[in-house]
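>
In mature numbering (1 follows the signal peptide of the UniProt record, and there is no 0), the protein residues as written are -26 to -1, 1 to 393.
This is how it looks when you write it as structure tokens:
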């Protein structure tokens, strides 16, 4: 009897993609009363939601089947689309149920039809005239729930890691907080809770006649920025790291905060990666001279970043030990580094990919490489070296006060994953 009751609850949950196993009486009117009772306000926008049971979808597909878990989230903006969506699920579920020798198919048909009617009462034409429903099926990016383990109410299922929902062109993006060390995305055992989100069309500037895609990302997802859209570029580089040799100014280098290594879940200071802002050709010479550069190599760098350059610009140097085996450049997206200016600070992010196979390097000649101009992005591919120093020019006018400008360097995992 207990097993039968448990099965009813689980199937009821999944059959709606709306009603979780936490509903004690699947056919009661409390199903619709519980929907959308939780809410959060982000950027002055109200987001109502219903967080479902973590395993609401396991009754149809094998939970070990990755494809069955990675169901793309969808948006529904009309009662007709909702009906079509529910009918499609109903057909799939009943088809699956009919294959079981001990199934009471008529029972499940009646139960599903009853529940669908209740859902359509809640989300009717009037409701859709002002609102949009988003279905997040869970997966490997999703909602973490805190509750009191109660089996009587959905309202106790509170989401703790929703950071934002916003619209970018015709895509609705859901952003979840994510700690890479605690919750590695490539750990396929992790699954998150399915959630129904209710958002107001006016607040989110949604149009009823537009088909909106839905994309889930995390706070550690690397934004897909085209290289040609990157504002600050390394148009030249040296094929060695400079911060380990310039003792005269060693204390002025800013070492990176490295999130790919951690101590008690906090980034550590990593002296493999360092940055410095250079504001004159004299400063640049002092940094480069201790590196035993051949005259022609030093002259190439100094001729590009001479006194005329520093009249209107300053220079960011990013010095990296073991670039070749940790970073990959040359793709169409910014998969190696990016930078922004915030509060008079030039903040650089390095996107670490982990160990990359590379040929053994026997020699280490000092080489200065430049693109067509010092401003245009070029792939960082050090010749006969594992290391690199990137030269990123910045106009002084970009800062509120370039004399007081600072710089920071962060190293994070390159994580393009989204759902």
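Just so it is clear, CB atoms sit at the ideal spot from N, CA and C, and this is done for glycine as well. Bear in mind the structure is a predicted one, so any value in this text is a computation, not a measurement.
(1) I'd like to confirm the pairing. Which residues does DSSP put opposite residue 397 in its beta bridges?
(2) At the level of alpha carbons, what is the spacing between residue 381 and residue 295?
(3) I think residue 22 touches residue 10, with their Cβ atoms under 8 Å apart; what is that distance to the nearest whole Å?
(4) Looking only at its chain, what residues have a beta carbon closer than 8 Å to the beta carbon of residue 179, apart from the 5 residues adjacent to it on each side?
(5) Residue 72 to residue 108, Cα distance in whole Å?
(6) If we ignore side chains and look at the alpha-carbon of each, how far apart do residue 255 and residue 311 end up?
(7) Quick check on residue 140: does DSSP put it in helix, strand or coil?
(8) With 16 other CB atoms within 10 Å as the buried threshold, where does residue 322 fall?
(9) DSSP three-state label for residue 183, please.
(10) Please return the same chain residues whose Cβ sits closer than 6 Å to the Cβ of residue 148, not counting the five positions on each side in sequence.
(11) Is residue 251 helix, strand or coil by DSSP?
(12) With a 10 Å radius around its C-beta and 16 neighbouring C-beta atoms as the bar for buried, classify residue 257 as buried or exposed.
(13) According to the neighbour-count rule (16 or more other Cβ atoms, all chains shown, within 10 Å of its Cβ), is residue 15 buried or exposed?
(14) Rounded C-beta distance between residue 56 and residue 94? I'm assuming under 8 Å.
(15) Could you round the C-beta distance between residue 363 and residue 250 to whole angstroms and report it? I think they count as a contact, below 8 Å.
(16) Whose C-alpha, out of 343, 275, 53, 315, is nearest the C-alpha of residue 368?
(17) Per the DSSP calculation, residue 318 is bridged to which residue(s)?
(18) Taking the C-alpha atoms as reference points, what is the distance between residue 45 and residue 356?
(19) In terms of residue numbering, what span does the alpha helix (DSSP H) encompassing residue 72 cover?
The short version:
(1) For the chain, the structure presents residues -26 to 393; residue 397 sits outside this window and is missing.
(2) Start at 1 with the first residue of the chain shown, and residue 381 comes out as number 407. Start at 1 with the first residue of the chain shown, and residue 295 comes out as number 321. Each residue's alpha carbon lies about 19 Å from the other.
(3) Position 48 of the chain shown holds residue 22. Position 36 of the chain shown holds residue 10. For a cut-off of 8 Å, the C-beta gap from residue 22 to residue 10 is around 4 Å, short enough to register as a contact.
(4) Position 205 of the chain shown holds residue 179. Same-chain partners within the cutoff: 141.
(5) Mapped onto the chain shown, residue 72 falls at position 98. Mapped onto the chain shown, residue 108 falls at position 134. For residue 72 and residue 108, the gap between their C-alpha atoms comes out near 29 Å.
(6) For the purposes of this step, residue 255 is taken as the residue at position 281 of the chain shown. For the purposes of this step, residue 311 is taken as the residue at position 337 of the chain shown. Pairing residue 255 with residue 311, the inter-Cα distance amounts to about 25 Å.
(7) For the purposes of this step, residue 140 is taken as residue 166 along the chain shown, with counting starting at 1. Of the three classes helix, strand and coil, the one that applies to residue 140 here is strand, per DSSP.
(8) By 1-based counting over the chain shown, the position of residue 322 is 348. Counting Cβ neighbours within 10 Å, residue 322 comes out buried, since at least 16 surround it.
(9) Working through the chain shown from its first residue, we reach residue 183 at position 209. Of the three classes helix, strand and coil, the one that applies to residue 183 here is coil, per DSSP.
(10) The residue labelled residue 148 in the question sits at position 174 within the chain shown. Once the five neighbours on either side are set aside, the close Cβ partners of residue 148 are 139, 190.
(11) Residue mapping note: residue 251 aligns to position 277 of the chain shown, counting from 1. Assigned with DSSP and collapsed to three states, residue 251 falls in strand.
(12) As a working note, residue 257 is residue 283 in the chain shown. That one is buried.
(13) In the chain shown, residue 15 corresponds to position 41, counting from 1. The residue in question, residue 15, is exposed, as its Cβ has fewer than 16 Cβ neighbours within 10 Å.
(14) For the purposes of this step, residue 56 is taken as residue 82 along the chain shown, with counting starting at 1. For the purposes of this step, residue 94 is taken as residue 120 along the chain shown, with counting starting at 1. Contact holds; Cβ gap of about 7 Å.
(15) If you number the chain shown from 1, residue 363 lands on position 389. If you number the chain shown from 1, residue 250 lands on position 276. In fact, because the Cβ distance is near 10 Å, the residues do not count as touching under 8 Å.
(16) As a first step, residue 368 is located in the chain shown; it is residue number 394 there, counting from the start. The option with the nearest alpha carbon to residue 368 is 315.
(17) Numbered from 1 along the chain shown, position 344 holds the residue referred to as residue 318. Answer is none; residue 318 lacks a bridge partner.
(18) Residue 45 sits at position 71 when you count from the first residue of the chain shown. Residue 356 sits at position 382 when you count from the first residue of the chain shown. In a straight line, the C-alpha of residue 45 is about 41 Å away from that of residue 356.
(19) Looking up residue 72 in the chain shown gives position 98. Looking at the DSSP string, the run of the alpha helix (DSSP H) that includes residue 72 is 53 to 72.
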